[in-house]
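Residue numbers (my numbering): 1 to 292. We treat Cβ as the ideally placed atom computed from N, Cα and C, and that holds for glycine.
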């Protein structure tokens, strides 16, 4: 149990939102009923975990604590807080010693290092920077700018422009061209440029559903523009049922739709965040001022 003393503690709210990174201390007391949820005295040892720096209730929050000593790495993962004692500006988590001890597991050095990077890789989508040009813009517009910068970071576009707002975008947020010659890597063919159209779907709530109807309607609008490729970027979590539907309208190998004459691509939240972590300059630009 003492191995949790001084452990790092990553806290997420009940809806999965990152709350912060803290340090925990541990106390073990005999025959103490320190909980606020039970009134009957108990005869087993109770554990009090102090999460340093937290000054508000942690009930229903999910914690992952991890530590290492003498080349041994341990973790207590996805612990949901059910009982606590608030003492002044300190929050003590209360639990049975055996319950805590039984959930502590040894982890590899690689798993430990992955936990160490969770805060670094965290993206606070609610606080995307909306004042890059000196003027306040909508968060969904900032997300569109971010996605277009990722596209240009991957490979500089030959032409690129945002579709003007007002009157509807007809399924287009950003339109650009990439030379088809780059794709086939044959320098003696004069191939036409390929038009790409991007649609961005942003939400402050990453758990807001992306509906099939919403996306299908956007795809149908795009047909009139005759692109070679259509790509959706979103910061929302995607359900397995949505992915099943998406794959059902695509040929799995080349993403060519069975029903419409262009290739479909989908970049979900996890992939957007991977791209951001590969493009630190863009990540710094849109999220640095909001780091925890």
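- Three or more Cβ pairs closer than 8 Å define a contact, and the stretch 269-284 meets that threshold against the stretch 230-245.
- Per DSSP, reduced to three states, the secondary structure at residue 238 is coil, with no helix or strand assignment.
- Taking C-beta separations shorter than 7 Å and ignoring five residues to either side along the sequence, the partners of residue 246 in its chain run 266, following chain order.
- If you draw a straight line from the Cα of residue 222 to the Cα of residue 243, it comes to about 20 Å.
- Counting the other CB atoms within 10 Å of its CB gives residue 138 a total below 16, which places it among the exposed residues.
- The beta-carbon distance between residue 198 and residue 147, rounded to whole angstroms, is 6 Å. This is short enough to meet the 8 Å contact definition.
- Taking 7 Å as the cut-off, the beta carbon of residue 14 is found no closer than this to the beta carbon of residue 78.
- Taking a contact to require three or more Cβ pairs closer than 8 Å, the stretch 85-92 and the stretch 44-56 qualify as touching.
- Short of 6 Å from the beta carbon of residue 8, and not among the five residues preceding or following it, lie these beta carbons of its own chain, in chain order: 66.
- Beta-bridge pairing by DSSP links residue 62 to 12 and 80.
- Taking the CA atoms as reference points, residue 12 sits about 35 Å from residue 250.
- For residue 224, there is no enclosing beta strand (DSSP E), as DSSP gives it neither H nor E.
- Just so you know, the alpha carbons of residue 140 and residue 227 end up roughly 23 Å apart.
- Residue 52 is bridged by DSSP to 23.
- Its chain contains 12, 78 and 80 as the residues whose beta carbon lies nearer than 6 Å to that of residue 62, once the 5 sequence neighbours on both sides are disregarded; these appear in chain order.
- Shown here for residue 28: same chain residues with a beta carbon closer than 7 Å to its own, the five before and five after excluded, namely 1, 45, 47 and 97 in chain order.
- For residue 49 against residue 107, the beta-carbon gap comes to about 19 Å, at or over 8 Å, which does not count as contact.
- Your pair residue 263 and residue 229 checks out as a contact, with CB atoms roughly 5 Å apart and the cut at 8 Å.
- Taking C-beta separations shorter than 7 Å and ignoring five residues to either side along the sequence, the partners of residue 90 in its chain run 50, following chain order.
- For residue 202, DSSP records no beta bridge to any residue.
- For residue 233, the secondary structure class from DSSP, reduced to helix, strand or coil, is strand.
- By the Cβ neighbour-count rule, residue 248 is exposed, with fewer than 16 other Cβ atoms within 10 Å of its own.
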